[in-house]
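Step one of this worksheet: look at the structure below.
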Amino acid sequence: MFPEPIESALNFKGDNIKMFNRYIDVLTNLPSYSKNVFRKGYFNWLLNQCRGWGKFSYGLLAFNFILQVFSLLQSFNVAPLQSVISFVGGNLSVACVIGISNRSGIQGWAGAVSAICIASVGFMAGNYATAWEQIGYLLFLDFFCILDPKWNDNIQAEKFENRFEWIAYIIFFGLAWVVLYYIFSLTSDPRVFLDSLNLAMAITGSLLELNRKREQYYVWTISSIFTIALWMQTMLQGDGNFALIFSYSVFFLNDMYAFFSVRGWFRSNTHTEV
Numbered sequence: 007m008f009p010e011p012i013e014s015a016l017n018f019k020g021d022n023i024k025m026f027n028r029y030i031d032v033l034t035n036l037p038s039y040s041k042n043v044f045r046k047g048y049f050n051w052l053l054n055q056c057r058g059w060g061k062f063s064y065g066l067l068a069f070n071f072i073l074q075v076f077s078l079l080q081s082f083n084v085a086p087l088q089s090v091i092s093f094v095g096g097n098l099s100v101a102c103v104i105g106i107s108n109r110s111g112i113q114g115w116a117g118a119v120s121a122i123c124i125a126s127v128g129f130m131a132g133n134y135a136t137a138w139e140q141i142g143y144l145l146f147l148d149f150f151c152i153l154d155p156k157w158n159d160n161i162q163a164e165k166f167e168n169r170f171e172w173i174a175y176i177i178f179f180g181l182a183w184v185v186l187y188y189i190f191s192l193t194s195d196p197r198v199f200l201d202s203l204n205l206a207m208a209i210t211g212s213l214l215e216l217n218r219k220r221e222q223y224y225v226w227t228i229s230s231i232f233t234i235a236l237w238m239q240t241m242l243q244g245d246g247n248f249a250l251i252f253s254y255s256v257f258f259l260n261d262m263y264a265f266f267s268v269r270g271w272f273r274s275n276t277h278t279e280v
């Protein structure tokens, strides 16, 4: 059992843990929440989610698109299928993270489609950590964000209430890293330490994001730096292409937007509802 302060931070309610309550809520109410998807006017609602973003966000979206076009033209003759999938995934993944920074419901679908694309490219390039990371996003983040009403209407940022919440998430990260390191060590992965570390950060960041915690951006920033390093190493080994390196570089810039923009998660109003 956890020490009393940490247990208080986790907020045990019977078998329910506060940090996992969004998963429990969505799964418990799956039939009713599913009715909100593809409802009348749903696609117009999704398009409207792309309005009202900050100018910097639209600039990042356009900048990334231009970079992706150059990458597509450069790599198409060498690997046409992989290049096209990377192009689609790279653009949608940036739309997803920009949507998150602007608290837009579009991020669920953009994230889901981009995850499928990037995972496909990851498996083709032998970058299994990124591939499984994207599958993890799809199953444990995108799916729930699409259904969760707290990610579809008046999305509010929350912050840690006390230092014990930090401890709880750090413990979760540590356990995830240990398990993933063991699993990766059973494979032929040449980067067991970095790949397991990066995937553990992605899982922890996903949990923080689903709970709408602003502290997620500490994890996303570190994860962006590590992922850029992983894809650069993959490039040096002769696999992959520049499209995803461009995307993760834009992710890093978007993380900075979330930290410092007046529209970001750290400077706008936050609350601490459960």
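The working numbering numbers the first residue of the sequence shown as 7 and each following residue consecutively.
Note that the Cβ used here is the ideal one computed from N, Cα and C, for glycine as well.
Local conformation of residue i per DSSP, three classes
i	result
K219	strand
E164	strand
W226	helix
A206	helix
A137	helix
Q55	coil
Y263	helix
W237	helix
F44	coil
P2	Missing from the structure shown is residue 2; the chain here goes from 7 to 280 and no further.
F2	Coverage of the chain is limited to positions 7 through 280, which leaves residue 2 absent and any answer about it impossible.
V268	coil
G65	helix
S110	coil
N97	helix
Close-in-space but distant-in-sequence residues of the same chain around residue i (CB under 7 Å, 5 per side omitted)
i	result
V32	Y39, F150, L153, D154
P11	With a pLDDT of 47 at P11, under the threshold of 50, the modelled position of this residue cannot be trusted; read the value that follows with caution. Excluding sequence neighbours, P11 sits near F170.
W172	F166
S120	G95, L98, S99, C102
N-terminal and C-terminal residue of the alpha helix (DSSP H) that residue i is part of
i	result
Y130	The sequence shown places Met at residue 130, not Tyr. 113 to 131 is the span of the alpha helix (DSSP H), which, as asked, contains M130.
L145	Element bounds for L145: n/a, residue is neither H nor E.
W183	169 to 191
R28	27 to 34
N83	From DSSP, N83 is part of no alpha helix (DSSP H); its letter is neither H nor E.
Sequence-distant residues of its chain with Cβ nearer than 8 Å to residue i (five each side left out)
i	result
W183	S202, L203, A206
G60	N108, Y263, S267, R269
Close-in-space but distant-in-sequence residues of the same chain around residue i (CB under 6 Å, 5 per side omitted)
i	result
V256	L66, N70, V100
F272	R220, F265
T227	D261
Presumed contact (8 Å Cβ cut-off) between residue i and residue j, rounded CB distance
i	j	result
L295	C123	The shown model of the chain, from 7 to 280, leaves out residue 295, and the question about it has no answer.
V225	T210	6 Å
L52	W115	7 Å
Test: residue i CB closer than 7 Å to a CB of chain C
i	result
K156	Among the chains of the structure shown, chain C does not appear; only one protein chain is present.
| field | Three or more C-beta pairs below 8 Å linking the region 161 to 175 and the region 129 to 148 | value | Verdict: no, contact absent.
| field | Meets three-Cβ-pair contact criterion under 8 Å: the region 81 to 100 and the region 124 to 141 | value | Verdict: yes, contact present.
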